[in-house]
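So the structure is just underneath, and the comments pick up after that.
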Amino acid sequence: MKRKSVGNEQSMCVQPTFLIGTYDEEGNADFAPITWLSVTHNGDCCLLVVSMFGTKKTKMNVRKTGRLSANLVSTDMLPLVDYFGSVSGHKGLKTGMEYGVSEGEIVKVPTLDASRWVYELEVAKTVTCGESDTFFCEIKNVQIDSDIDITDGIDLTCFDPVIYSGHYHSIGRHLGKIGDFL
Numbered sequence: 174m175k176r177k178s179v180g181n182e183q184s185m186c187v188q189p190t191f192l193i194g195t196y197d198e199e200g201n202a203d204f205a206p207i208t209w210l211s212v213t214h215n216g217d218c219c220l221l222v223v224s225m226f227g228t229k230k231t232k233m234n235v236r237k238t239g240r241l242s243a244n245l246v247s248t249d250m251l252p253l254v255d256y257f258g259s260v261s262g263h264k265g266l267k268t269g270m271e272y273g274v275s276e277g278e279i280v281k282v283p284t285l286d287a288s289r290w291v292y293e294l295e296v297a298k299t300v301t302c303g304e305s306d307t308f309f310c311e312i313k314n315v316q317i318d319s320d321i322d323i324t325d326g327i328d329l330t331c332f333d334p335v336i337y338s339g340h341y342h343s344i345g346r347h348l349g350k351i352g353d354f355l
């Protein structure tokens, strides 16, 4: 294989797409699409790492409350992602599209009924870098679709997640687990 340089403007960060849910000061649910999520470990437990850029209302809500949900987006939720991503919460409630919302089971956060995997989170630490805030969040609860069995591990194809890398993609098939290819 021969490679070529393409400059430093390209990025190949394959990222799952989540809709981050918060409540504003009036108790209204607000959601924003965020793909900058990862996991780290603090010694006691895993932390979900969520980075948000700019001045979006959802980020301001997280700063104020210290609570959020991360709702994994499946391919059937793409219209909702585009809607939440194109309508500003600063201009009013996002009521131009129908969607179901429930309260988290452990943390007081809005969760999307359509999501097959939902994290309920509390912020443990915030790091600011320029216009980005990175929230290190304790995972207080995970809810998954009751029809999906994860007893033998997580098969992502069952969740049909949207993957983002400049464009939306989906996962087509399960290839195996660690050690299957030795």
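Using our numbering, the final residue of the sequence shown is 355, and nothing's skipped along the way.
We put the beta carbon where it would ideally sit given N, CA and C, even for glycine.
Nothing here was measured: the structure is a model prediction, and the numbers come from that model.
> Out of curiosity, what's the CA-to-CA distance linking residue 199 and residue 234?
Replying inline: One-based indexing of the sequence shown puts residue 199 at position 26. One-based indexing of the sequence shown puts residue 234 at position 61. Approximately 11 angstroms, taken between the alpha carbons.
> Relative to the ligand COA, is the shortest distance from any of its heavy atoms to the C-beta of residue 252 smaller than 7 angstroms?
Replying inline: You won't find the ligand COA in this model; it holds no ligand whatsoever.
>> Can you tell me whether residue 331 is helix, strand or coil according to DSSP?
In response: The sequence position of residue 331 within the sequence shown is 158, counting from 1. Helix, per DSSP.
> Can you tell me the Cα-Cα spacing of residue 296 and residue 280, whole angstroms?
Replying inline: Start at 1 with the first residue of the sequence shown, and residue 296 comes out as number 123. Start at 1 with the first residue of the sequence shown, and residue 280 comes out as number 107. Going by the C-alpha atoms only, they are around 11 angstroms apart.
> Among residues of its own chain, excluding the 5 on either side of residue 330, which ones have a beta-carbon nearer than 7 angstroms to its beta-carbon?
Replying inline: Mapped onto the sequence shown, residue 330 falls at position 157. The residues are 344, 346, 347.
> How big is the Cα-Cα spacing for residue 228 and residue 303?
Replying inline: Your numbering for residue 228 matches position 55 in the sequence shown. Your numbering for residue 303 matches position 130 in the sequence shown. So the alpha carbons of these two residues sit roughly 12 angstroms apart.
>> What ranges does the beta strand (DSSP E) occupy inside the stretch 213-278, keeping only unbroken runs of at least 3 residues that lie completely in it?
In response: Counting only runs of 3 or more residues that sit fully inside the stretch 213-278, the beta strand (DSSP E) segments are 219-226, 240-245, 274-276, in chain order.
>> Starting from residue 355, trace the beta strand (DSSP E) in both directions and tell me its first and last residue.
In response: Indexing the sequence shown from 1 puts residue 355 at position 182. Premise fails: residue 355 is in no beta strand (DSSP E) and is neither H nor E.
> Nearest to residue 290 by CA position, among 226, 321, 178, 230, is which residue?
Replying inline: For the purposes of this step, residue 290 is taken as residue 117 along the sequence shown, with counting starting at 1. That would be 321, whose Cα lies nearest to the Cα of residue 290.
> Taking all protein chains shown into account, do 16 or more other C-beta atoms lie within 10 angstroms of the C-beta of residue 301, making it buried, or fewer, making it exposed?
Replying inline: By 1-based counting over the sequence shown, the position of residue 301 is 128. Around the beta carbon of residue 301, fewer than 16 other beta carbons sit within 10 angstroms, so the residue counts as exposed.
> Are the beta-carbon atoms of residue 214 and residue 221 separated by less than 8 angstroms?
Replying inline: Working through the sequence shown from its first residue, we reach residue 214 at position 41. Working through the sequence shown from its first residue, we reach residue 221 at position 48. No, Cβ-Cβ distance for residue 214 and residue 221 is not below 8 angstroms.
>> Taking the beta carbon of residue 306 as the centre, do at least 16 other beta carbons fall within 10 Å, making it buried, or is it exposed?
In response: For this step, residue 306 is matched to residue 133 along the sequence shown. Residue 306 comes out buried.
> Who pairs with residue 194 in a beta bridge, going by DSSP?
Replying inline: Indexing the sequence shown from 1 puts residue 194 at position 21. Partner(s): 204, 242.
>> Distance check for residue 194 and residue 236, CA to CA, integer angstroms please.
In response: Residue mapping note: residue 236 aligns to position 63 of the sequence shown, counting from 1. Residue mapping note: residue 194 aligns to position 21 of the sequence shown, counting from 1. Approximately 13 angstroms, taken between the alpha carbons.
> Looking only at DSSP bridge pairs, what is residue 312 linked to?
Replying inline: The sequence position of residue 312 within the sequence shown is 139, counting from 1. Answer is 294.
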